[in-house]
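If you want our numbering, it's the position in the sequence shown, counting the first as 1, plus 48. From the three backbone atoms N, C-alpha and C, an ideal C-beta is built for every residue, glycine too. Scroll down for the structure; my scribbles are underneath it.
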Amino acid sequence: MVNPIHLKTLLEVIRVGSFAAAALRLGYTASAVSQQMSALERATGTHLFERSARTAVPTEAAVVMARHAAKVLTDMDALMAASARAEAGTSHELRLGIFPSLATFALPRLIRSPGWQDLGINLKIHVAEPGQTIQGLRAGGELDVALIYQVGQGGLAWPSTISRQWLGDDNFRVVLPRAWGIREGSQVSAEQLSDMPWIMHHPGTPDALVIERLFASCNLHPRVAAYCDDFNASLEMAAAGLGAALVPELAMLNRHDDVVVLDVPEIRLARSIFALLINERENPQIRLFLDQLAEVLRTQSIAPRTSAGL
Numbered sequence: 049m050v051n052p053i054h055l056k057t058l059l060e061v062i063r064v065g066s067f068a069a070a071a072l073r074l075g076y077t078a079s080a081v082s083q084q085m086s087a088l089e090r091a092t093g094t095h096l097f098e099r100s101a102r103t104a105v106p107t108e109a110a111v112v113m114a115r116h117a118a119k120v121l122t123d124m125d126a127l128m129a130a131s132a133r134a135e136a137g138t139s140h141e142l143r144l145g146i147f148p149s150l151a152t153f154a155l156p157r158l159i160r161s162p163g164w165q166d167l168g169i170n171l172k173i174h175v176a177e178p179g180q181t182i183q184g185l186r187a188g189g190e191l192d193v194a195l196i197y198q199v200g201q202g203g204l205a206w207p208s209t210i211s212r213q214w215l216g217d218d219n220f221r222v223v224l225p226r227a228w229g230i231r232e233g234s235q236v237s238a239e240q241l242s243d244m245p246w247i248m249h250h251p252g253t254p255d256a257l258v259i260e261r262l263f264a265s266c267n268l269h270p271r272v273a274a275y276c277d278d279f280n281a282s283l284e285m286a287a288a289g290l291g292a293a294l295v296p297e298l299a300m301l302n303r304h305d306d307v308v309v310l311d312v313p314e315i316r317l318a319r320s321i322f323a324l325l326i327n328e329r330e331n332p333q334i335r336l337f338l339d340q341l342a343e344v345l346r347t348q349s350i351a352p353r354t355s356a357g358l
């Protein structure tokens, strides 16, 4: 029999490109991921990876298996969720902690989707930053699941009784006032932005430290026009011409017409979105909810905006 956990690990390895990266996402060691993939090869009689001392390259068979595994795992979760609903006869309450931009731009798309009612989940939502929602997962807390983000690897900690599931990455983009005359989608170097005013995170926070290191590595030392940790406010200030800003894609799905998004090859940064779950409360409905939310994140995109004369 094929172990569904091994299929999930295969999907993650294919998605992120290595055993080590998948292990980091899933909370395993790289050795454990390698052992799972070996077990999956034995169970299926299929050669999935070309291994060397430092790499493991997926074969075409692995890619095909991952493509079918995604549907199989979703169908399994749907089956288990339907069985749980039939057994209980009522909706399952999910006490969900979620950070603001995910609650604003991704969660509503999931709730409006055709299959939402069939999921049988009654949401009780707490919108707050990750540090606050993690507190709600602790013993006696008011949450079952917390949806959080991390920029880099530091800044957050949670109890050992909590498991972590990666849902997707939210890429940061450089935005400028449209009035500055640079076209939407233009590719510019970090050096070209060095003399411009910037709207930056408040110094000293984990996110700010990661961004400061990234900018320093590009020899970009911004002239700070404002400190702001609210992305909606940063976008409005950028639209008003105050300065450039680094804003995640989720926060820009309803962005102002008066800002443009640039491509700056040296500035590549994302915040990883995770679900933190209390192990003993996990059930098929929660797993299916998280799978569907991950799919929303994979399909969300930023449409370029144009303006006459630009």
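With respect to the 7 Å criterion, Gly216 and Ile321 are classified as neighbours on the basis of their beta carbons. Approximately 15 Å separates the beta-carbon atoms of Leu59 and Leu336; this is outside 8 Å, ruling out the contact. Straight-line measurement puts the Cα of Phe263 at about 13 Å from the Cα of Arg221. For Ala70, the CB contacts under 7 Å within the same chain, skipping 5 residues up- and downstream, are Thr57, Glu60, Val61, Val64 and Val81 in chain order. DSSP, read as helix, strand or coil, puts Arg221 in strand. Contact check for Leu191 against Ile173 fails: the beta carbons are separated by 7 Å or more. Assigned with DSSP and collapsed to three states, Gly216 falls in strand.
Collapsing the DSSP output to three states places Arg160 in coil.
In this structure, DSSP gives Asn170 an extended state, which the three-state scheme calls strand. If you look at Ala299, you'll find it isn't in any alpha helix (DSSP H); DSSP assigns it neither H nor E. By the Cβ neighbour-count rule, Glu297 is buried, with 16 or more other Cβ atoms within 10 Å of its own.
Around the beta carbon of Ser237, a 10 Å sphere encloses fewer than 16 other beta carbons of the protein chains shown; the residue is thus reported as exposed. At a Cβ-Cβ threshold of 7 Å, Asn327 and Thr209 count as neighbours.
With respect to the 7 Å criterion, Leu195 and Leu150 are classified as neighbours on the basis of their beta carbons.
Put simply, the backbone Cα of Ile169 is about 27 Å away from that of His54. In the three-state DSSP reduction, Pro270 falls in the coil class, being neither helix nor strand.
For the 7 Å CB-CB criterion, Gly291 and Pro245 form a contact.
7 Å or more divides the Cβ of His249 from the Cβ of Asp218. When DSSP states are grouped into helix, strand and coil, Ala256 belongs to the helix group. Under the criterion of beta carbons closer than 8 Å, Val175 and Pro148 qualify as touching, at roughly 6 Å.
For Ile182, the CB contacts under 6 Å within the same chain, skipping 5 residues up- and downstream, are Ala194 and Trp206 in chain order. Closest in alpha carbon position to Arg226, among Arg90, Ala287, Ser211 and Asn51, is Ala287.
Non-local beta-carbon contacts of Ala342 in its own chain, meaning distances under 8 Å to residues more than five positions away in sequence, involve Leu215 and Gly216 in chain order. Annotated as proximal: Leu283 and His304, with beta-carbon spacing under 7 Å. The straight-line gap separating the alpha-carbon atoms of Ile159 and Asn267 is approximately 43 Å. In the three-state DSSP reduction, Met285 falls in the helix class (H, G or I).
In this structure, Leu294 and Ile259 form a Cβ contact; the two beta carbons are roughly 6 Å apart against a cut-off of 8 Å.
Per DSSP, reduced to three states, the secondary structure at His54 is helical. Taking every protein chain shown into account, the CB of Val105 has fewer than 16 other CB atoms within 10 angstroms, so this residue is exposed.
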